[in-house]
Amino acid sequence: MSRNMIRNIFKKIFHIFNAIIRRSRWFNDILFQDCRKLIIHSTFNLDVVNLGSTSGVYAFNYEGMNIKAANWALSCNPLVCDEEVLKNYVSYLKPEGTIVILSLCVFSALSGRYDCFEDRYYAILYPSSIPNFSKRKQNEVMARYNRPLLYMPLYNMVKEFWYLLKRPFIKGEKILSEEQLQKDAQRWFDGWLKEFNVNDFSLPLSLVNQDSVLDAAYHLNKIITFCKEHNATPVMVLPPMYHTLAEKFSIKAREILLDSLFAQIDDQSVRFINYMDDSEFSNDRTFFLDSFLLNQIGAKAFTKKVLTDIGIMRN
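Structure representation (structure tokens):
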């Protein structure tokens, strides 16, 4: 067997393993979290698209809805990145009439922008969309994207292999008990307070967080303006929480996190639909993965409700 034949065999094996790793949880849930759906997206003339962060990823599922739609939400995604995703993928919208759902979180007011974009954005955005773009960083990120086999840690390889062995025996989504949802709500709430350095909603926000609210309003206004410039209709939506989590937010907290943000929207005619306490969802454990995130059943039910409420679907 010649050296060229041996080399070609090794190349084929390398490409096969690379393709397998690109389907792995490590690649799609850690290294390039939520990016695959944007990279492979090919549907034009979309009727509906939603942006958003973690809650938006889990809240919308358009399967079986008989419309052209896409969920472009990304986990841990600030509003400035929503703006850039929309700008980068606007060619997939209809020339006129696409509904752009801006899926918000109760803490969106404090997450308008981050100091720098995560590495994964180098795989889905044009260089001009990335602040402080680095060609060196782009080369490093795309090397990991194109040849993940060379970068996957041994620990993750073992973990992925173990998951593949267990997967046939894994049951469907588990429904948490009321007690578990109480504890989970406290976990989410405490985590957010720590992340955004908030101690007490009875006190004014820190100067940093006050600036964050201004940033969030600025980017929301830019997204809304961009939608209108491209003949799309923006709709702001706050997905439901399970009641154990929603109850953590007092009237004062909601004034600070929600009212203060929406008061700064330039066009007050833009529709905002608040499902945070919607009893159809917030009291039904079977719709939730945990106190914050909807499961697949909940996402389909919620998506249908939103599309009905905004006039895309009929009951």
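For the sequence shown, the residue numbers in numbering that gives the first Met the number 0 are 0 to 314. All residues carry an ideal CB built from backbone N, CA and C; glycine is no exception.
In terms of DSSP beta bridges, what is residue i paired with?
i	result
SER102	VAL236
ASN49	ASN70 and ILE100
PHE286	Bridge partners of PHE286: none, in fact.
Would residue i and residue j qualify as a contact pair, given that the criterion is a beta-carbon distance under 8 Å?
i	j	result
LEU78	HIS229	no
ILE100	ILE311	no
ALA350	TYR144	Given that the chain is displayed from residue 0 to residue 314, the structure contains no residue 350 and the question cannot be resolved.
LYS93	LEU124	no
GLU82	ILE309	no
MET235	PHE271	yes
ALA72	VAL56	yes
LEU148	PHE248	no
TRP25	PHE106	no
SER102	ALA69	no
TYR61	THR302	yes
ASN273	HIS242	no
VAL47	LEU306	yes
THR285	ILE169	no
LEU260	ALA18	no
ILE264	ASN314	no
For residue i and residue j, what's the separation of their Cα atoms in angstroms?
i	j	result
TYR120	ILE129	8 Å
SER201	CYS75	27 Å
ASP214	ARG253	18 Å
PHE188	PRO167	34 Å
LEU153	PHE160	11 Å
VAL84	SER23	24 Å
LYS86	PHE9	41 Å
ILE39	MET141	16 Å
PHE287	GLN179	12 Å
ASP131	VAL207	Here residue 131 is Asn; the residue named in the question, Asp, does not match the sequence. Approximately 22 Å between the Cα atoms of the pair.
SER205	PHE195	10 Å
ASP289	ASN7	48 Å
VAL212	CYS80	16 Å
GLY96	LYS136	38 Å
MET275	PHE13	48 Å
MET64	ILE29	29 Å
ILE5	PHE225	54 Å
LYS165	ILE250	45 Å
ALA262	PRO238	19 Å
In the structure shown, what three-state DSSP assignment does residue i receive?
i	result
LEU257	helix
ASN273	strand
TYR164	Contrary to the premise, residue 164 reads as Leu rather than Tyr in this sequence. Correct three-state label for LEU164: helix.
LEU293	strand
LEU306	helix
LEU92	strand
PRO203	coil
MET312	coil
ASP81	helix
LEU124	coil
TYR144	helix
ASP214	helix
ALA262	coil
VAL197	coil
PHE26	helix
State whether the stretch 242-259 contacts the stretch 293-300, with contact taken as three or more CB pairs (one from each stretch) at a distance under 8 Å.
No, they do not touch.
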